[in-house]
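Comments concern the structure below.
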Ligand SMILES: C[S@@+](CC[C@H](N)C(=O)[O-])C[C@H]1O[C@@H](n2cnc3c(N)ncnc32)[C@H](O)[C@@H]1O
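Residue numbers (our numbering): 1 to 257.
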């Protein structure tokens with residue numbers, strides 16, 4: 001049932017019933033998870049849990065981190081949850097977008113790069129056919145060609161490669177971004193020992209459950225991530241991104257001037 005508000009001005013009904021933020025998010029969550037039923041029980045439950053509990057997805061919408069019609073490159077995209085969310089936004093933006101949120105990032109185009117073939121297969125099976133036409137590439141981010149784009153999203157991925165390789169990826173990301181492009185990079189703050197250790201443990205368990213080998217990881221304190229991005233020419237804004245979790249995660253919103 002709708003708990004949405006009616007926008008009124010001088011007694012005139014201006015907008016149809018628009019949902020509140022919680023209701024809109026529930027609808028988006030349902031729509032973004034639905035395609036994963038076709039990709040098997042694991043894919044479906046993983047989508048529901050990750051999109052529901054990880055604050056980063058709703059947070060990006062509430063802050064307006066993603067512009068409309070952007071070419072989005074999602075590095076380490078897993079089973080393509082962001083692609084599914086963006087496709088759901090295309091539908092929801094037509095009249096079911098909360099008035100309190102920034103404009104919907106509708107009309108985006110999406111490319112995901114993922115190392116693990118199994119995840120690419122799940123992504124293709126679930127969302128490969130959607131009208132938004134997401135594209136998935138099975139490749140190593142350290143050597144994959146990065147297409148020209150407006151926004152690069154890297155959520156919890158860079159710690160899988162060593163420091164030199166991290167800088168190499170970020171340099172190529174900077175070069176792939178068009179002027180005024182944006183990088184949304186989520187990292188753990190290695191200076192926060194407990195939070196960082198907690199995220200590493202959960203990461204290991206989830207990696208095993210997803211059927212992958214557990215690799216060594218390479219963290220940095222937050223100030224080092226920030227300094228590296230600044231050295232590459234980004235203007236960086238850090239947003240705490242651990243609400244409701246024991247982790248020390250930060251979303252670095254890094255813009256090219
Ligand atoms: C913790 S998961 C995050 C998935 C997704 N970004 C999300 O937030 O739902 C990290 C992903 O990065 C992928 N990955 C790790 N190393 C990679 C590499 N060298 N190139 C591309 N993807 C990589 C993993 O296979 C995994 O799917």
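Cβ coordinates follow ideal geometry from the N, Cα and C atoms, glycine included.
It should be emphasised that the depicted structure is a prediction, and the values quoted were computed from it without experimental measurement.
>> Rounding to the nearest angstrom, what Cα-Cα distance links residue 138 and residue 159 in this structure?
In response: Distance between residue 138 and residue 159, taken at the CA atoms: about 19 Å.
>> With H, G and I counted as helix, E and B as strand and the rest as coil, what does DSSP make of residue 254?
In response: Residue 254: strand per DSSP, three-state reduction.
>> Less than 8 Å between the beta carbons of residue 72 and residue 151, yes or no?
In response: Cβ distance < 8 Å, so residue 72 and residue 151 count as in contact.
> What does a CB cutoff of less than 8 Å around residue 149 pick up in its chain, not counting 5 residues either side in sequence?
Replying inline: Excluding five sequence positions before and after residue 149, the CB atoms of its chain that fall closer than 8 Å to its own CB belong to 70, 71, 72, 73, 111, 176, 177, 178, 181, given in chain order.
> residue 90 and residue 132 look like a contact to me (Cβ under 8 Å); what is the Cβ gap, rounded to whole Å?
Replying inline: Contact between residue 90 and residue 132 holds: CB atoms are separated by about 6 Å, below the 8 Å threshold.
> Quick one: is the Cβ of residue 142 within less than 7 Å of any heavy atom of ligand 1?
Replying inline: In this structure, residue 142 has its beta carbon less than 7 Å from a heavy atom of ligand 1.
> Do you know how far the Cα of residue 247 is from the Cα of residue 202?
Replying inline: Answer to the nearest angstrom: the Cα atoms are 9 Å apart.
>> For a test of the three-state rule: what should DSSP assign to residue 48, helix, strand or coil?
In response: Helix at residue 48.
> If you draw a straight line from the alpha carbon of residue 237 to that of residue 219, how long is it in whole angstroms?
Replying inline: C-alpha separation (whole angstroms): 19 Å.
> Quick one: what does DSSP say residue 77 is sitting in, helix, strand or coil?
Replying inline: Looking at residue 77 - three-state DSSP - the assignment turns out to be coil, as it is neither helix nor strand.
>> Just to confirm my understanding: we take residue 225, look at its own chain, exclude 5 residues before and 5 after, and list those with CB closer than 7 Å. What are they?
In response: So the list reads 187, 252, once near-sequence residues are dropped.
> Roughly how many angstroms separate the alpha carbons of residue 231 and residue 167, rounded to a whole number?
Replying inline: Cα to Cα, residue 231 sits roughly 10 Å from residue 167.
> What residue range is occupied by the uninterrupted beta strand (DSSP E) comprising residue 182?
Replying inline: Residue range 177-188 is occupied by the beta strand (DSSP E) that includes residue 182.
> Given 8 Å as the limit, is there contact between the region 120-135 and the region 55-62, that is, 3 or more CB pairs closer than that?
Replying inline: The count of Cβ pairs closer than 8 Å, one atom from the region 120-135 and one from the region 55-62, stays below three, leaving the stretches out of contact.
> From 98, 40, 122, 103, pick the residue whose C-alpha is nearest to that of residue 78; which is it?
Replying inline: That would be 122, whose Cα lies nearest to the Cα of residue 78.
>> Quick check: what's the CA-CA separation for residue 52 versus residue 46?
In response: Going by C-alpha positions, residue 52 is about 10 Å away from residue 46.
> Do you know offhand how far residue 62's Cα is from residue 100's?
Replying inline: One C-alpha to the other measures close to 8 Å.
> Would the beta-carbon of residue 76 be found less than 7 Å away from any heavy atom of ligand 1?
Replying inline: Answer for residue 76: yes, Cβ within range of ligand 1.
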